[in-house]
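The sequence shown runs 1 to 132 under the UniProt record's numbering. Each residue gets a CB set at the ideal place from its N, CA and C atoms; glycine is no exception.
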Amino acid sequence: MAELPPLPQNFTYSAEHEWINAGADAIVGNTVKIGITAVAADALGEVVYVDLPEVGDTVTAGETCGEVESTKSVSDLYCPVTGEVTAINEAATDNPGVLNSDPYGDGWLFEVNVTELGEVMDAAGYAEANSL
1 MAELPPLPQN
11 FTYSAEHEWI
21 NAGADAIVGN
31 TVKIGITAVA
41 ADALGEVVYV
51 DLPEVGDTVT
61 AGETCGEVES
71 TKSVSDLYCP
81 VTGEVTAINE
91 AATDNPGVLN
101 SDPYGDGWLF
111 EVNVTELGEV
121 MDAAGYAEAN
131 SL
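The structure is reproduced here in structure tokens:
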């Protein structure tokens, strides 16, 4: 396993390795960015393609909302929240390798105006669940 970038402590995480760029108490009623963790990007290997929901789509917590394809495999994206997609990261669709090089920054995938939060954990819980 490669050395992973530090886990942002102020983010919220799903068991399926997606992150939300806010603490759990600040998610519902706000627009947040969603991406995949460095753990997921490392396990996938070189990311070569992402399939994301479209602006205006409704996504549902715990349901698939896209795919990430690497040189090794294809993995489903599971949305950690319910709400309406308000933006997608065109830079990530144009250059999917950014998910490997900057998973918590420029590698964000899409934004959602959140109406409901799915099952998530804080950074300490995610780190413990993944032996980080």
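Practice prompt. Give every residue of the same chain whose Cβ lies closer than 8 Å to the Cβ of glycine 83, excluding the five residues on either side of it in the sequence, and list them in chain order.
Written response: Counting from 1 along the sequence shown, the entry for residue 83 is found at position 83. Counting only Cβ-Cβ distances below 8 Å, and skipping sequence neighbours, we find Thr58, Val59, Val112, Asn113, Val114, Thr115 and Glu116.
Fill in: Span of the beta strand (DSSP E) around asparagine 113
If you number the sequence shown from 1, residue 113 lands on position 113. From DSSP, the beta strand (DSSP E) with asparagine 113 extends over 110–117.
Worksheet item: Of all the options Ser73, Tyr126 and Asn130, which has the alpha carbon lying nearest to the alpha carbon of tyrosine 13?
Response: Here residue 13 refers to the residue found at position 13 of the sequence shown. That would be Tyr126, whose Cα lies nearest to the Cα of tyrosine 13.
Item to complete: Assess, as a yes-or-no matter, whether the segment 15–35 is touched by the segment 48–57 under the definition of 3 or more beta carbon pairs within less than 8 Å.
Response: By the Cβ test, the segment 48–57 is not in contact with the segment 15–35, since fewer than three Cβ pairs between them sit closer than 8 Å.
Worksheet item: To which residues of the same chain is tyrosine 104 closer than 6 Å at the C-beta, ignoring the five residues directly before and after it?
Response: Position 104 of the sequence shown holds residue 104. Closer than 6 Å at Cβ, skipping near neighbours: Pro8.
Worksheet item: If you draw a straight line from the alpha carbon of glycine 29 to that of valine 81, how long is it in whole angstroms?
Response: On the sequence shown, position 29 is the one that residue 29 refers to. On the sequence shown, position 81 is the one that residue 81 refers to. Rounded to the nearest whole angstrom, the CA to CA distance from glycine 29 to valine 81 is 11 Å.
Worksheet item: Is it buried or exposed for glycine 45, if we count other Cβ within 10 angstroms and need 16 for buried?
Response: In the sequence shown, counting from the first residue as 1, residue 45 sits at position 45. By the neighbour-count rule (16 or more Cβ atoms within 10 Å), glycine 45 is not buried but exposed.
Item to complete: Out of Glu67, Ser70 and Val85, state which residue places its alpha-carbon closest to the alpha-carbon of glycine 56.
Response: For the purposes of this step, residue 56 is taken as the residue at position 56 of the sequence shown. Answer by Cα proximity: Val85.
Discussion item. Taking 8 Å as the threshold (beta carbon to beta carbon), is leucine 99 in contact with chain D?
Written reply: In summary, chain D is missing from the structure at hand, where a single protein chain is found.
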